[in-house]
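183 is the number that this note's numbering gives to position 174 of the sequence shown; each next residue is one higher, with no gaps.
Remarks on the structure that follows.
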Amino acid sequence: FLSILLAACASAAPIPTSSPAPIPSATPPPTATKIPPTETLIPTATPTEIPVFWEDFDKEFQSGWSWIRENDALWSLDSEPGFLRIVLTGDRPPRNILIRDVTSENFQIITHIKFKPTSNYQFAGLTIRQDDDTTVSLGRAYCNTQNVCVGNGIYFDAVQNGQWTGNNFGTDTQMKDEAYLRIDKNKSTFTAYYSENGTDWMMIGQHEMTMLDPKVGIFAGQSFIVGQVALFDYFSVMEIP
10 FLSILLAACA SAAPIPTSSP APIPSATPPP TATKIPPTET LIPTATPTEI
60 PVFWEDFDKE FQSGWSWIRE NDALWSLDSE PGFLRIVLTG DRPPRNILIR
110 DVTSENFQII THIKFKPTSN YQFAGLTIRQ DDDTTVSLGR AYCNTQNVCV
160 GNGIYFDAVQ NGQWTGNNFG TDTQMKDEAY LRIDKNKSTF TAYYSENGTD
210 WMMIGQHEMT MLDPKVGIFA GQSFIVGQVA LFDYFSVMEI P
């Protein structure tokens, strides 16, 4: 379900990453030229000051969540108190995608993760999705294809109608084992941001895409090593006027 990473990283290997995108049936060609991220820290729209939804993953879920392809043996709210713990798998399309509805056309979603990917194409992060074939995903992931990927970094992928579109915006970061991640949706523009403290945001990139009745959420997957774990600290939704 995610990323242009797969396309970039192997002709024979399954699934790339950089966004919880479900994987289309055909493997796309990699982006020829990696576009360096913008270093501007200023978002284009101002969200509401108070989240319209906040999930702190403390003991039980807030109402409104649903799982796509749930495997309840691979997630827990108890083993790491205060975190949602998800064990990655190599299933395609990915399992244990946690999603919910949004009430506004324009919105912002944020999460904080603890995750250190070590091999192709491990991913954990945010997703906005219409279905398995139309998604955008922002996360910490791993891909080692030269000139297309940055190894352990931040990636922002888009899949529309089953086809990879745009750049993966692979971005190297000083911090390697966690990330604050944010996507702003303003009509058909999806803008991704990364932060190391949850306050100072760096713009990663933008995708243009039309989605019908999008859902928002998180996921972790695309791992071919058994036992890799991602921890999600919180998830929030804010409306953008």
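From the three backbone atoms N, C-alpha and C, an ideal C-beta is built for every residue, glycine too.
Look up residue i in the DSSP assignment and say whether it is helix, strand or coil.
i    : result
D209 : coil
P83  : Looking at the sequence shown, residue 83 is not Pro but Leu. Correct three-state label for L83: helix.
T112 : coil
E217 : strand
W74  : coil
G171 : coil
T182 : coil
K224 : strand
I234 : coil
F132 : strand
S88  : coil
L97  : coil
V246 : strand
R138 : strand
V61  : coil
Would you kindly check if the distance between the Cβ of residue j and the Cβ of residue i is under 8 Å?
i    : j    : result
I122 : L240 : yes
L107 : W74  : yes
I119 : V225 : no
Y202 : A188 : no
N105 : T143 : no
M220 : Q139 : yes
Which same chain residues, not among the five before or five after residue i, have their C-beta less than 6 Å away from its C-beta?
i    : result
S88  : R94
D65  : Y243
T200 : D193 and Q215
L190 : T120, G134, L135 and L147
N161 : P126, Y151 and K185
E205 : M184
G207 : Y189
F228 : P29, P103, I106 and T136
Following a CB-centred definition, is residue i positioned closer than 7 Å to any heavy atom of the ligand GTP?
i    : result
Q172 : Among the components modelled here there is no ligand, and therefore nothing to report on the ligand GTP.
Who are residue i's beta bridge partners in DSSP?
i    : result
N161 : Y151
N177 : Paired residues: none, contrary to the question.
D67  : According to DSSP, which records beta bridges pairwise, D67 is partnered with nothing at all.
K123 : E187 and L240
K194 : F116 and F199
For residue i, which residues of its own chain have a beta-carbon under 7 Å away from its beta-carbon, when the five flanking residues on both sides are left out?
i    : result
I234 : S128
L86  : F66, K68, E69 and L93
T42  : Note that T42 scores 37 on pLDDT, short of 50, meaning its location in the model is unreliable; the coordinates nonetheless yield the value given after this. Result list for T42: empty, nothing under 7 Å.
P56  : Q117, M247, E248 and I249
E48  : At E48, the pLDDT of 49 sits below 50, so the modelled position is not reliable; the number obtained from the coordinates is stated separately. So the list reads M211, once near-sequence residues are dropped.
Between which residues of its own chain and residue i is the CB-CB distance below 8 Å, once the five residues before and five after are set aside?
i    : result
T112 : V61 and E248
K196 : E114 and N115
How do the segment 173 to 190 and the segment 131 to 151 stand: do at least 3 beta-carbon pairs fall below 8 Å, yes or no? Segments in contact, yes.
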